[in-house]
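A.B. asks:
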Amino acid sequence: MKLKNTNFVKISSKNSMRIFKILSCAILLGSCKENPPHWYYATQSDTANLYGVGSSPDLQNAKDNAINDMLSAIKVDISSHTSFKESFVNGVQSSATHQNIQKTINTTTLSNVSFKQELVKKTYYVQAQMTKNDFIREIKDKQKKVLLALEALGFKCKDLNINQLSKLESYLKELQELESYLGVFGIQTPSSSYEKLWQHNTPKPKLALIFKDSLSTDIQVSNIQATIERELLKFYTLDSRATQKAYFSFDTLQSVTDLTFNATLKITDCNAQNTFLTQFSASLPHKQTDKLIKKIGVLLYKQLSSSI
């Protein structure tokens, strides 16, 4: 009986130790759990300020997350603040509009933001705060800077080239998104002349194409001209009434084995000032004329793409 009691005691002691270890681990794990400060999830009733919270092992990342949270709390009414492209074309709303605005919200940098921060274990918890008046003031300042940048582009003609249109679209998109912020606070911005200029040049800017060499019934020359038109149509609307002109000239040189093509494309604005100039050449054996014409199109496309 004593032997049995001894074994029983030994077994019980082992089980007790196991239970003790399990409970100890549970207590330790519970004590290691990070709990945010009490203010981190507190509801803000203050209507004069904007608030946001963020956390990260890195303090700067925590601050950035708090700012993004603060800005994302601004509910942008998509139905009344559509993108300028959609409002001009057909007024249709889309998820892309919301995504564009949300992207700008997350990348906007603001200066008059105050922070409350606390380090818990290895995590920084941050609360960002900014007055609505300061926010509106900063957005208006950004708006003025974009308008100054547009003025600096110095548009003098109604018909733009693709590089000018690209810059105009970029600044107008930024303006529209800033206006969306202001619209949330009931501040409306009247449309500008730049939006009308954009309208005139969409979906593609207008261009009058002029071949400086006389037309030829030669099948190769006709195919070359058709190729040039096809590539230009990827970037422009060809319109003989356009004040923007594209002058295309070329010549072909033949050797015993090869055919060489040399071309020049010059685009001028309404004041006959050069806005784009490129020269390119290609050479292939006589029997590969079709490939040469395709190569000409590829070269022109690359030149036009690089100008945007």
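Number 326 marks the last residue of the sequence shown (this note's numbering); no jumps. Quick reminder that beta carbons are idealized off the backbone N, C-alpha and C, glycines included.
I need the straight-line Cα distance from Leu225 to Gln262, nearest angstrom please.
C.D. replies: C-alpha separation (whole angstroms): 5 Å.
A.B. asks: Of the choices Phe153, Asp269 and Leu277, whose alpha-carbon is the least far from that of Phe229?
C.D. replies: Here the closest residue by C-alpha is Asp269.
A.B. asks: Can you tell me whether Gly172 is buried or exposed? The criterion is at least 16 other CB atoms within 10 Å of its CB, across all chains shown.
C.D. replies: Answer is exposed; the Cβ neighbour count stays below 16.
A.B. asks: Does the distance from the C-beta atom of Ile246 to that of Leu318 stay below 8 Å?
C.D. replies: It is a contact, given that the beta carbons lie within the stated cut-off.
A.B. asks: What residue range is occupied by the uninterrupted alpha helix (DSSP H) comprising Asp12?
C.D. replies: Any answer about residue 12 is impossible in this case: the structure gives the chain only from 19 up to 326.
A.B. asks: The beta strand (DSSP E) spanning Leu137 covers which residue range?
C.D. replies: Per DSSP, Leu137 belongs to the beta strand (DSSP E) from Ser132 to Val138.
A.B. asks: Going along the chain, which residues of its own chain have a beta-carbon closer than 7 Å to the beta-carbon of Asn181, five neighbours each way excluded?
C.D. replies: Closer than 7 Å at the Cβ level, and outside the excluded window around Asn181, lie Ser325 and Ile326.
A.B. asks: Return the bridge partner residues of Ala300 from the DSSP annotation.
C.D. replies: Phe279.
A.B. asks: Measure the CB-CB distance between Thr286 and Asn292 and report whether it falls below 8 Å.
C.D. replies: In this structure, Asn292 lies closer than 8 Å to Thr286 by Cβ.
A.B. asks: Helix, strand or coil for Ala290, going by three-state DSSP, please let me know.
C.D. replies: Ala290: coil per DSSP, three-state reduction.
A.B. asks: Between which two residues does the alpha helix (DSSP H) containing Gly72 stretch?
C.D. replies: From DSSP, Gly72 is part of no alpha helix (DSSP H) but of the beta strand (DSSP E) over Asn67 to Ser74.
A.B. asks: At a cut of 8 Å, does the segment 174-193 reach the segment 130-146 through at least three beta carbon pairs?
C.D. replies: The answer is no - the segment 130-146 does not touch the segment 174-193, with fewer than three Cβ pairs under 8 Å.
A.B. asks: What are the boundary residues of the alpha helix (DSSP H) that Ala80 is part of?
C.D. replies: Segment Leu77 to Ser90, the alpha helix (DSSP H) holding Ala80.
A.B. asks: Measure the alpha-carbon distance for Ser258 versus Lys81 and round it to whole angstroms.
C.D. replies: Each residue's alpha carbon lies about 56 Å from the other.
A.B. asks: Under three-state DSSP, which class holds Gln272?
C.D. replies: Looking at Gln272 - three-state DSSP - the assignment turns out to be strand.
A.B. asks: I need the straight-line Cα distance from Leu193 to Gln161, nearest angstrom please.
C.D. replies: Cα to Cα, the separation comes out at about 6 Å.
A.B. asks: Looking at the secondary structure, which residues open and close the beta strand (DSSP E) in which Tyr59 lies?
C.D. replies: No beta strand (DSSP E) contains Tyr59, which DSSP labels as neither H nor E.
A.B. asks: Which residue wins for smallest C-alpha separation from Lys191, given the options Glu213, Phe253 and Leu200?
C.D. replies: Comparing Cα positions, the closest option is Glu213.
A.B. asks: Could you give the distance in angstroms between the alpha-carbon of Ser234 and the alpha-carbon of Ser240?
C.D. replies: Low local confidence applies: a pLDDT of 48 at Ser234 is under 50, so the model's placement there is unreliable, and no value is given.
A.B. asks: Let me make sure I understand the geometry here. Which of Phe294, Ile314, Lys320 and Asp276 has the alpha-carbon closest to that of Leu302?
C.D. replies: Nearest of Phe294, Ile314, Lys320 and Asp276 to Leu302, Cα basis: Asp276.
A.B. asks: Would you mind working out which of Asn151, Lys320, Ala264 and Ala244 sits nearest Gly204, comparing C-alpha positions?
C.D. replies: Answer by Cα proximity: Asn151.
A.B. asks: Leaving out five residues before and five after Lys222 in sequence, what residues of the same chain have Cβ atoms less than 7 Å from its Cβ?
C.D. replies: These residues qualify, in order along the chain: Phe253, Tyr254 and Thr255.
A.B. asks: Ile157 and Tyr189 look like a contact to me (Cβ under 8 Å); what is the Cβ gap, rounded to whole Å?
C.D. replies: Rounded, the Cβ-Cβ distance is 15 Å, inconsistent with contact.
A.B. asks: For Tyr143, report the span of its beta strand (DSSP E) as first-last.
C.D. replies: Taken as a continuous stretch (DSSP letters only), the beta strand (DSSP E) holding Tyr143 covers Thr141 to Thr149.
A.B. asks: So, under 8 Å CB-CB, Ala84 and Val164 are touching, yes? Tell me the CB distance rounded to an integer number of Å.
C.D. replies: Not a contact, Cβ separation roughly 26 Å.
A.B. asks: Under the three-state reduction of DSSP, which class applies to Tyr265: helix, strand or coil?
C.D. replies: Here Tyr265 sits in strand by DSSP.
A.B. asks: Short check: CB of Ser132 to CB of Gln147, under 8 Å?
C.D. replies: Yes, the pair counts as a contact, with Cβ atoms nearer than the cut-off.
A.B. asks: Quick check: the Cα distance between Pro208 and Gly201, rounded to an integer number of angstroms?
C.D. replies: Rounded to whole angstroms, Pro208 to Gly201 spans 11 Å at the Cα level.
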